[in-house]
Every structure is written in C-alpha cells, then in structure tokens.
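Every number in the numbering used here is 5 more than the matching position in the sequence shown, counting from 1. Even for Gly, the Cβ is constructed at its ideal location relative to N, Cα and C. Since the structure comes first, as structure tokens, the remarks are kept for the end.
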Amino acid sequence: MKLSLIFCCYNVSKYLDGIYKWLCEQPYQNIEVIFVEDCATDDTKERLFSLVHDPRMKIIENPRNLGLSESRNIGLRHATGDYVGFPDPDDQFDTNWLLEIADISKNNSINVIITGMREDYETNDKLEFSKDIISKFSGGITRNNIFDALVDLEQSFLLGYMNNKFYNREFLIENKFSCKSLALKEDFEFNINVFSKVDSLYILNKPYYFYKKRTNGNTLTSKFVPEYFDIHMDTLLQFKSLLEVYQSNLSKQSEILLVNRFVRYFLSSIERNTSKSAGLTFNDQKEWIESIFSNSKYNYFLERLDLITGKIKIIECIFSARFSWLLVILGNIIKYLKANLPILFAKLK
C-alpha cells in the first residue's frame with residue numbers, strides 16, 4: 006500500500022532538515038513524498054534542492070505564491086499513492102505513524118483515517134507543556150454510527166485538521182474534492198465536504214501527530230482578520246448541516262457542542278476586535294456585539310445559551326443578559342492574557 010505525503014512549503018527552511026531526516030529513516034518504505042514549494046521568501050527552495058535526493062521524493066515549484074489550499078490541490082494532482090496525507094513540514098510525527106496507517110489502509114474501502122494528536126506548546130524552541138488529543142472512539146466507524154463519532158471528533162478538536170488524516174485518493178478524485186482558498190478554516194471547510202460523503206472511516210486513537218504550537222516569547226495572538234467571525238460561523242453552520250445529514254433530530258450532546266463552539270467563536274472575535282489593527286472604538290465594538298445578538302441567523306445558538314458548559318459557563322450570565330460593554334472589557338482581559346501569559350492562556354483554553 007503506497008502512501009503519498011504532500012508537504013506545502015512556505016518559509017519553513019529551519020524545519021526541513023528534521024522532516025527530511027524523519028522521512029528517510031521511516032521503517033515504512035513504500036512512500037511518495039511531494040514537496041510543493043510556494044515561492045517562499047526565505048531559503049526554503051534552496052534548502053529543498055540541497056536536501057532532496059531520495060528517488061521517492063520530488064519537488065514541485067509553484068510559478069508564484071498560490072497559498073496553502075492551491076498548493077495542496079497541486080500536490081494532490083501529482084500524487085499516485087493509495088492514500089494521501091497533508092502533514093505540515095514544521096510539525097513532527099511518531100516513528101510508528103506511517104507503519105500503522107499502512108496496516109490500516111490494507112482495507113482499501115476506508116475513506117478516511119484519522120490520527121490522534123499531541124499538542125506541543127513551545128516558547129523560543131523550548132517545550133513548555135504537551136497534551137494528548139484523542140477520541141473516545143477507536144477503530145472502524147461505519148455510516149451507521151458516524152454521527153456520534155463526528156460529534157466526539159469535533160468535541161476533541163480532531164475533526165477540522167487535514168494534517169492528522171490520510172484520505173483514500175480514489176475517493177477524493179471520484180468526488181472531485183479540492184481545497185478552497187479562505188482567509189481561515191480551509192481545513193475545516195474541506196473536511197465538512199469530505200465527511201458528508203464518507204461511508205467508512207478509521208480512528209487511529211494514538212497521539213502520533215505532534216502539532217507544534219510555537220511562540221517567540223511574545224503572544225499566541227493572530228493577525229486581525231475582518232471576516233474571522235463570518236468564516237467561523239459559516240463552517241459551524243456547515244457542521245450543523247453535516248450532523249443533520251446523519252441525524253435530523255440533533256442529540257443533546259451535539260447541541261451542547263454547537264452552542265459552546267458559537268460562544269467560543271463569538272468571544273474570540275470580541276477579543277480580536279480589541280486589537281489596534283481592527284481600528285474599532287469601544288462603541289464600535291459594542292455595536293458589533295449588539296449586531297450579532299440581533300441577527301436572526303444566530304437565533305439557534307442564542308436561544309440555547311443555557312447549554313454553555315465547561316470553563317466558559319461562568320460567563321453565561323453575561324451573554325444571556327447581553328451586556329455588550331462587559332463583553333468588550335472581557336475581550337480586553339483575554340487579549341492581555343494572550344499577550345503576556347500565552348502558556349497559561351493555552352492551558353486555560
């Protein structure tokens with residue numbers, strides 16, 4: 006069984022030696038590796054050409070910077086393996102990962118193989134702490150019991166990523182799946198489409214994919230994206246529609262998940278609106294919050310705020326009372342924690 010690994014490479018020069026060494030030392034040898042070089046501004050291109058001499062590996066040069074999604078599409082068009090994965094070149098992986106993926110993929114009827122993850126939080130290349138992310142489910146999942154598996158996978162944040170999955174290549178081709186370029190959530194949008202068509206999937210419930218969350222001693226804060234909330238809500242509503250494909254009457258557990266995701270995205274957007282790059286005054290931020298509360302598009306979530314659980318339960322009353330001014334203040338507190346205590350913030354999430 007041949008496995009194709011597509012690495013989209015943009016400004017990842019410092020990580021290429023490590024990933025190349027890992028690939029060359031893999032106990033599972035029947036692999037195809039495609040590096041898609043996306044016109045990096047560092048020496049990624051030069052480093053790739055100096056490293057890659059293994060006949061199982063090749064480099065594709067984009068004519069211009071095309072972005073992650075189109076680079077993945079290009080890699081997929083060149084792939085010849087039975088299963089294809091899209092790991093990130095700046096992450097790391099367990100030595101047994103490909104061996105077990107290959108063993109599982111002998112049953113060629115499996116559409117998607119999902120792997121557990123380990124999140125490594127690093128500051129200035131020093132590991133601060135790690136946490137394993139695994140599902141309650143393990144082994145083969147058929148269409149008959151996929152609903153509960155999807156809820157659990159999203160609950161544990163394993164559903165949305167593409168990097169911890171291997172996809173049956175023929176399944177992707179037959180259904181004409183491709184990655185769509187978005188400012189955010191490109192992986193999630195792709196997987197929503199994929200999981201709407203799957204007949205079977207397999208959960209390799211071991212944290213074999215090491216997702217590196219790095220800070221430079223500064224923050225975990227991302228740049229301001231005006232469409233942040235809209236994109237996240239579009240994917241959340243798509244996920245709700247996906248669940249309804251498998252079960253028209255949503256379970257209590259799935260409703261709790263949906264409402265908590267809504268609050269999480271809402272709160273994250275409020276925090277991002279406090280940044281200088283957003284250019285919003287205190288009153289502007291209040292008005293934005295009030296516009297969300299008054300938008301009927303979000304009634305499903307706003308009418309179920311009593312389903313808020315976990316650590317954010319303590320602020321349910323603020324959302325329920327619609328205290329927009331207090332939410333702006335809360336957004337500033339979150340911004341401070343992210344900027345000054347990023348590791349603590351990551352642990353509290």
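Cβ separation of residue i and residue j, assumed to be a contact under 8 Å, to the nearest whole Å
i: V155; j: F193; result: What sits at residue 155 in the sequence shown is Leu, not Val. The Cβ separation is near 12 Å, so there is no contact.
i: R327; j: F298; result: 5 Å
i: L209; j: E105; result: 6 Å
i: E295; j: S246; result: The pair is not a contact, with the Cβ atoms about 27 Å apart (cut-off 8 Å).
i: L335; j: I323; result: 7 Å
i: Y207; j: I115; result: 5 Å
i: A107; j: M6; result: 5 Å
i: S74; j: S186; result: 4 Å
i: G145; j: S205; result: 6 Å
i: V268; j: I317; result: 6 Å
Check whether residue i and residue j have beta carbons under 8 Å apart
i: Y88; j: R174; result: yes
i: L312; j: E260; result: yes
i: P94; j: C14; result: yes
i: V117; j: G80; result: no
i: N16; j: C184; result: no
i: R219; j: E127; result: yes
i: N180; j: K202; result: yes
i: L332; j: I275; result: yes
i: I39; j: R61; result: no
i: F142; j: D157; result: yes
i: F162; j: G90; result: no
i: A188; j: F229; result: no
i: K190; j: T240; result: yes
i: N304; j: W293; result: no
i: D137; j: Y214; result: no
i: D196; j: L164; result: In the sequence as displayed, the identity of residue 196 is Asn instead of Asp. Cβ atoms of N196 and L164: closer than 8 Å.
i: L53; j: I64; result: yes
i: P68; j: R123; result: no
i: Q160; j: L262; result: yes
i: D43; j: L71; result: yes
i: Q31; j: L103; result: yes
i: Y25; j: V57; result: yes
i: F182; j: L248; result: no
i: K217; j: S280; result: no
i: W27; j: F134; result: no
Start-to-end residues for the alpha helix (DSSP H) that takes in residue i
i: T240; result: 233-251
i: Y172; result: Not the alpha helix (DSSP H): Y172 falls in the beta strand (DSSP E), residues 170-173.
i: E191; result: 191-200
i: K50; result: 49-56
i: E66; result: E66 -> not in any alpha helix (DSSP H); beta strand (DSSP E) instead, spanning 62-66.
Endpoints, beta strand (DSSP E) assigned at residue i
i: T120; result: 117-128
i: N210; result: 205-220
i: F91; result: Taken as a continuous stretch (DSSP letters only), F91 belongs to no beta strand (DSSP E), as it is neither H nor E.
i: G144; result: 144-147
i: F229; result: Looking at the DSSP string, F229 is not in any beta strand (DSSP E), and its letter there is neither H nor E.
i: F134; result: 131-138
DSSP state of residue i mapped onto helix, strand, coil
i: S9; result: strand
i: E42; result: strand
i: C14; result: strand
i: S273; result: helix
i: G86; result: coil
i: L158; result: helix
i: Q290; result: helix
i: L103; result: helix
i: L163; result: coil
i: F98; result: strand
i: D356; result: Nothing about residue 356 can be read from this structure; the chain reaches only from 6 to 354.
i: F298; result: helix
i: S329; result: helix
i: I36; result: strand
i: E30; result: coil
i: F182; result: coil
i: L225; result: Residue confidence is low: L225 scores 40 on pLDDT, short of 50, so the model does not pin down where it sits. Its coordinate-derived value is still stated next. In the structure shown, L225 sits in coil (DSSP, three-state: anything other than H, G, I, E or B).
i: K340; result: helix
i: D22; result: helix
i: L346; result: coil
i: K141; result: coil
i: N78; result: helix
i: L335; result: helix
i: L177; result: helix
i: K318; result: helix
i: A188; result: coil
i: L263; result: helix
i: K111; result: coil
i: S280; result: coil
| request: Mind the definition here: the segment 250-262 touches the segment 284-291 only if three or more C-beta pairs lie below 8 Å; say whether that holds. | output: These segments do not touch.
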